[in-house]
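Visitor: Okay, here's the structure, questions in a sec.
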Amino acid sequence: MSMDVNGYAVQSAGNALASYSFVRRDPRPDDVVVEILYCGVCHSDLHQVRNDWGGSVYPMVPGHEIIGRVVGVGPEVSRFKPGDNFGVGCMVDSCRHCSTCEHSLEQSCEEIPTYTYNGFDRHDHMPTFGGYSEKIIVSERFVLKMPDGLDLKGAAPLLCAGITTWSPLRHWKVGKDSNVAVIGLGGLGHMALKLAKALGANVKLFTSRRERRVMRAVSAPIV
Amino acid sequence: MLSTDEGRMAAVKSKFELIIDTVPYVHDLNPYLPSLTIDGTLVLVGFLGGLDPLLNTTSLIMGRKSVAGSVIGGISETQEMLDFCGEHGIVSDVEVIKIQDINEAYERMLKSDVKYRFVIDMASLKA
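Encoded structure:
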């Protein structure tokens with residue numbers, strides 16, 4: 001049964017976000033139905049709402065740093081049950097069969113991944129609507145388990161800012177005694193500092209922020 | 224422009240194996256290249272578009288350095304990151320807002336007036 005959902009959307013570039021009601025799809029056998037608790041506000045929400053990159057589709061419900069609670073699962077779902085905490089990031093699907101997908105690099109799917117918002121569903125070709133809403137329905141394969149004990153509000157940005165900075169740290173094998181610098185102290189920058197330090201690196205920060213105050217948790221020397 | 228202080232930049236010459244550039248708008252990358260080690264990489268994660276000014280290749284060629292890009296990560300890597308954050312207690316520094324205040328939040332984001340991420344409490348949708 002498809003469901004009516006409330007959220008916030010922008011109707012065209014340059015307009016303000018406002019209350020918007022829309023319909024989420026009928027859950028498929030491998031879908032997880034989730035109630036959204038928190039959604040991070042990513043800089044790319046801003047870019048896509050304003051059509052800075054071109055190709056924005058309206059009405060647009062942004063949001064791809066989603067934390068919530070499972071409220072229903074399809075019959076083929078095995079990893080989640082109602083009551084579990086979950087996360088959804090920037091993708092809700094990909095082709096799943098290209099070489100890139102098979103190497104767990106869905107973000108670079110040869111047929112382009114299905115983005116959580118401002119994309120089109122691969123099956124029904126309807127626009128995808130993101131996390132600035134009360135519920136979302138996502139294929140189990142693209143839902144993340146949230147570890148116990150993490151503050152859910154603070155964990156929301158991990159779904160984009162966290163992975164965006166984690167991935168290059170891992171790809172370029174940052175570890176103990178690596179020397180890493182981060183340029184910019186914003187959503188991405190502060191996550192890069194925290195993750196690099198936790199991986200054992202020596203971390204420095206390039207920033208133009210006038211106050212030039214370093215986060216207590218990281219103590220990365222500013223250049 | 225970031226890091227225009229020549230003295231500070233000289234102090235980190237050939238220092239970093241990796242520089243992560245998170246700046247979400249076009250800016251000059253050239254001043255950072257001398258601070259990469261031999262084989263070092265500057266990876267862009269924040270800005271989509273043409274570089275301006277152009278990249279000077281001298282530092283890259285003479286030091287076998289790289290300018291690269293990266294976008295999010297795959298699902299299994301995202302889970303690995305979450306599990307790591309769970310083990311180390313790492314979360315983002317956030318300012319919680321109501322959905323009704325999202326437009327004001329966007330204006331503040333444009334001025335970098337947030338430490339360091341807004342997060343919408345979706346309970347506010349029911350208000």
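Listed in order, the protein sequences are those of chains A and U.
FYI, the numbering used here numbers position 11 of the first sequence as 11, with every residue one higher than the one before it.
With positions in the second sequence counted from 1, the corresponding number in the numbering used here is that position plus 223.
Each residue gets a CB set at the ideal place from its N, CA and C atoms; glycine is no exception.
Keep in mind it's a predicted model, so treat the numbers as computed, not measured.
Since Ile-163(A) meets chain U, which of its residues come closer than 8 Å, beta carbon to beta carbon?
Guide: If you number the first sequence from 1, residue 163(A) lands on position 163. The contacting residues are Ile-295, Gly-296, Glu-300, Thr-301, Met-304.
Visitor: For Pro-257(U), which of Pro-247(U), Phe-270(U), Lys-288(U), Gly-272(U) has the nearest alpha-carbon?
Guide: Here residue 257(U) refers to the residue found at position 34 when the second sequence is read from its first residue. With distances taken between Cα atoms, Pro-257(U) lies closest to Lys-288(U).
Visitor: For Val-41(A) and Gly-63(A), what's the separation of their Cα atoms in angstroms?
Guide: On the first sequence, residue 41(A) is found 41 positions in, with the first residue counted as 1. On the first sequence, residue 63(A) is found 63 positions in, with the first residue counted as 1. Spanning the two alpha carbons is a distance of roughly 7 Å.
Visitor: Of all Cβ atoms in chain A, is any one closer than 9 Å to the Cβ of Lys-349(U)?
Guide: Counted from its first residue, the second sequence places residue 349(U) at position 126. Yes, Lys-349(U) counts as interfacial toward chain A.
Visitor: For Gln-107(A), collect the residues of the same chain with a Cβ closer than 7 Å to its Cβ; drop the 5 residues on either side in sequence, then sort them by chain order.
Guide: On the first sequence, position 107 is the one that residue 107(A) refers to. Once the five neighbours on either side are set aside, the close Cβ partners of Gln-107(A) are Met-91, Pro-113.
Visitor: Considering only their Cβ atoms, is the gap separating Met-126(A) from Ala-161(A) smaller than 9 Å?
Guide: Locating residue 161(A) in the first sequence gives position 161, where the first residue counts as 1. Locating residue 126(A) in the first sequence gives position 126, where the first residue counts as 1. In this structure, Met-126(A) does not lie closer than 9 Å to Ala-161(A) by Cβ.
Visitor: In whole angstroms, what is the alpha-carbon distance linking Glu-327(U) and Thr-281(U)?
Guide: By 1-based counting over the second sequence, the position of residue 327(U) is 104. By 1-based counting over the second sequence, the position of residue 281(U) is 58. For Glu-327(U) and Thr-281(U), the distance between alpha carbons rounds to 44 Å.
Visitor: Give the straight-line distance between the Cα atoms of Lys-349(U) and Gly-149(A), rounded to the nearest whole angstrom.
Guide: Along the second sequence, read from residue 1 onward, the residue named residue 349(U) stands at position 126. Along the first sequence, read from residue 1 onward, the residue named residue 149(A) stands at position 149. Roughly 26 Å separates the two Cα atoms.
Visitor: What span of residues does the beta strand (DSSP E) with Asn-279(U) cover, start to end?
Guide: By one-based count along the second sequence, residue 279(U) stands at place 56. Unbroken run through Asn-279(U): none, as it is neither H nor E.
Visitor: Determine whether the Cβ of Lys-176(A) lies closer than 9 Å to any Cβ atom of chain U.
Guide: On the first sequence, residue 176(A) is found 176 positions in, with the first residue counted as 1. Not closer than 9 Å to any Cβ of chain U, the Cβ of Lys-176(A) fails to qualify, so no.
Visitor: At a CB-CB cut-off below 9 Å, which residues of chain U make contact with Asp-148(A)?
Guide: Here residue 148(A) corresponds to residue number 148 of the first sequence, with the count starting at 1. In chain order: Gly-309.
Visitor: Buried or exposed for Pro-276(U), please, with buried defined as at least 16 other CB atoms from any protein chain shown within 10 angstroms of its CB.
Guide: Here residue 276(U) refers to the residue found at position 53 when the second sequence is read from its first residue. With fewer than 16 Cβ atoms within 10 Å of its Cβ, Pro-276(U) is classed as exposed.
Visitor: Report the neighbours of Tyr-8(A) on chain U: residues whose CB is nearer than 7 Å to its CB, in chain order.
Guide: Counting from 1 along the first sequence, the entry for residue 8(A) is found at position 8. In chain order: Ile-322, Ile-325.
Visitor: Compile a chain-ordered list of the residues in the stretch 225-244 of chain U whose CB is closer than 9 Å to at least one CB of chain A.
Guide: Listed in sequence order: Leu-225, Ser-226, Thr-227, Asp-228, Arg-231, Met-232, Ala-234, Val-235, Lys-238, Phe-239, Glu-240, Leu-241, Ile-242, Ile-243, Asp-244.
Visitor: With a threshold of 16 other CB atoms inside 10 Å of the CB of Lys-197(A), please say whether the residue is buried or exposed.
Guide: Translated into the one-based positions of the first sequence, residue 197(A) becomes position 197. So Lys-197(A) ends up on the buried side.
Visitor: Looking at the C-beta of Asn-179(A), does it have a partner C-beta in chain U at a distance below 9 Å?
Guide: On the first sequence, position 179 is the one that residue 179(A) refers to. Cβ-Cβ to chain U under 9 Å: yes for Asn-179(A).
Visitor: State yes or no: is the C-beta of Leu-150(A) nearer than 8 Å to some heavy atom of the ligand SAH?
Guide: Ligands displayed in this structure: none; no statement on the ligand SAH is therefore possible.
Visitor: For the alpha helix (DSSP H) that Asn-326(U) lies in, which residues bound it at each end?
Guide: Reading the second sequence from its first residue, position 103 is the one you call residue 326(U). Element bounds for Asn-326(U): 325-333.
Visitor: Does the distance from the C-beta atom of His-97(A) to that of Gly-186(A) stay below 9 Å?
Guide: As a working mapping, residue 97(A) is identified with position 97 in the first sequence. As a working mapping, residue 186(A) is identified with position 186 in the first sequence. No, Cβ-Cβ distance for His-97(A) and Gly-186(A) is not below 9 Å.
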